[in-house]
Every structure is written in structure tokens, then in C-alpha cells.
Amino acid sequence: MHKIPTNVTPSSSPLVRGRGVIALDIGNRYIGVAAADHVDASLAYRYTTIDRKTQDARTVLADIITKESIDTLVLGVPYHIQDGSETQQTKKTRQFIALLKKTFDPAISYIEVDETLTSMQAKENLQHEESDTKEEHAEAARIMLQEFLSSATVMPDLIRHPGDVDPYVKPGMTMLL
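1361 is the number of the first residue of the sequence shown in the working numbering; add one for each residue after it.
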């Protein structure tokens, strides 16, 4: 079990409780990671892609959380594109999120966002900028995080922490963008 130290030095990010925020695009093989810029916390950038076949995702995430002083994870949850219902991938993603919650410091906030169409948008963005398609998952995470940061900057009350209640959120979710 990976425990993240609670005494890490806060980053310069002013958005989420004064520390860092990353987003995860969780897939069966790859996990895309994006982070908020430490100079301008309203900007998201691609951080890395974790290959779950060759890397232990929890170890890599533990290193990132420690290195970047992360206290908030924005987690992409997939839904059926036609009706918004949960899919088999939704269940797998939620299982991984439950594992993260058991693994890391309970003070970390977990914010679930709807990731529908982010992979398609990521592919389009990478084609447009003629970037390597290996960046797809990190780009999908960047898109989710950028939307979250933009929403949180305009409406800071959208930031949720453990125990917060929002009557407009689907059961089991912390926040939808």
C-alpha cells in the first residue's frame, strides 16, 4: 500500500486548497496524466502516460503526487455516449478509483468528471498539432483538467471536497463538468 506523506510542501497552485491538482484519463492499458501549471494554475498541460502493462500505476502516481504536492485528483469517468448510462468501462474505472482511495492519503480530494468524447477530441488535437498519437491519453486528461480549471476559476464553488453534497450530481459522483 502506498501512503502519500501529508507534510509535503504546497505548490504555488492557488486553485484547490493551495496545492496541486492532476487529472487522470483511466483506461485498461494506459492512464493519461495532466497537471495544472505551477505558475499559472488556470492552465493544464500533458504530464505523462502510464503504461499499466510495464509500470505499476499506483507507484508512478504516488511519485507524481509526492513530487508535485498533489491534493486533488480529477478523474475521468466514461458514460455511454447515447444515453449517459454507465458502461462496463465505467465500472472498471470506478474500481480503480476505489483502489486509489484506499491507497493514498485520505486528505486527497477525488473529483469525478464526465470524460465523454475527450479521447476523440484528444485525437483531433494531436492530429492538428501533428503530435505523436502516444500522447492521446495525456491529452484527454489535459482536456478534462482544462475544463475543470476553467470552471473552477469562473465558479470556484464548483470545487468539491470529501463530504460535500451537490444535488445536481449523479449518484456516486462528486462533480460533473
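Glycine residues also receive a C-beta, built at the ideal position from the N, C-alpha and C atoms.
Everything numeric in this text was worked out from a predicted model, so none of it was measured.
Checklist entry - At which residues does the alpha helix (DSSP H) containing leucine 1433 begin and terminate? => result Position 73 of the sequence shown holds residue 1433. Unbroken run through leucine 1433 is the beta strand (DSSP E), 1430 to 1437; no alpha helix (DSSP H).
Next on the checklist: Given this structure, state the Cα-to-Cα distance separating glutamine 1487 from arginine 1406, to the nearest angstrom.
Outcome noted: As a working note, residue 1487 is residue 127 in the sequence shown. As a working note, residue 1406 is residue 46 in the sequence shown. Answer to the nearest angstrom: the Cα atoms are 15 angstroms apart.
Checklist entry - Cα separation between isoleucine 1430 and leucine 1421? => result Stepping through the sequence shown from its first residue, residue 1430 is reached at position 70. Stepping through the sequence shown from its first residue, residue 1421 is reached at position 61. About 10 angstroms.
Checklist entry - For methionine 1515, which of helix, strand or coil comes out of DSSP? => result Position 155 of the sequence shown, counted from the start, is the residue given in the question as residue 1515. With a pLDDT of 44 at methionine 1515, under the threshold of 50, the predicted position of this residue should be treated as unreliable, and no value is reported.
Checklist entry - Between the segment 1438 to 1447 and the segment 1391 to 1402, do three or more beta carbon pairs fall short of 8 angstroms? => result no
Checklist entry - Based on Cα-Cα distance, which residue from Glu1489, Ile1425, Ala1482 lies nearest to glutamine 1506? => result Position 146 of the sequence shown, counting from 1, holds the residue named residue 1506. Minimum Cα distance to glutamine 1506 is reached at Ala1482.
Next on the checklist: I'd like to know whether the C-beta atoms of glycine 1436 and methionine 1504 end up nearer to each other than 8 angstroms.
Outcome noted: Position 76 of the sequence shown, counted from the first residue, corresponds to residue 1436. Position 144 of the sequence shown, counted from the first residue, corresponds to residue 1504. Taking 8 angstroms as the Cβ cut-off, glycine 1436 and methionine 1504 qualify as a contacting pair.
Checklist entry - Who are the Cβ neighbours of aspartate 1411 in its own chain at under 7 angstroms, not counting the five residues just before and after it? => result Here residue 1411 corresponds to residue number 51 of the sequence shown, with the count starting at 1. Excluding residues within five positions, the ones whose Cβ falls inside 7 angstroms are Arg1389, Tyr1390.
Item to check | DSSP state of isoleucine 1471 mapped onto helix, strand, coil | outcome: By one-based count along the sequence shown, residue 1471 stands at place 111. In this structure, isoleucine 1471 counts as strand in the three-state DSSP scheme.
Checklist entry - So what does glutamate 1489 bridge to, in DSSP terms? => result Sequence index remark: in the sequence shown, residue 1489 carries index 129 (1-based). None; glutamate 1489 has no bridge partner.
Checklist entry - Any idea if threonine 1409 is buried or exposed, counting beta-carbon neighbours within 10 angstroms, 16 or more meaning buried? => result For the purposes of this step, residue 1409 is taken as residue 49 along the sequence shown, with counting starting at 1. Buried: at least 16 other Cβ atoms inside 10 Å.
Next on the checklist: Does methionine 1515 pass the burial test, meaning 16 or more other C-beta atoms within 10 Å, or should it be called exposed?
Outcome noted: As a first step, residue 1515 is located in the sequence shown; it is residue number 155 there, counting from the start. Low per-residue confidence applies at methionine 1515: pLDDT is 44, beneath 50, and the placement is therefore not dependable enough to give any value.
Checklist entry - Do you know whose CA, among Glu1495, Thr1463, Ala1383, lies nearest glutamate 1428's CA? => result In the sequence shown, counting from the first residue as 1, residue 1428 sits at position 68. That would be Ala1383, whose Cα lies nearest to the Cα of glutamate 1428.
Checklist entry - Three-state secondary structure (DSSP) at threonine 1414? => result As a first step, residue 1414 is located in the sequence shown; it is residue number 54 there, counting from the start. Of the three classes helix, strand and coil, the one that applies to threonine 1414 here is coil, per DSSP.
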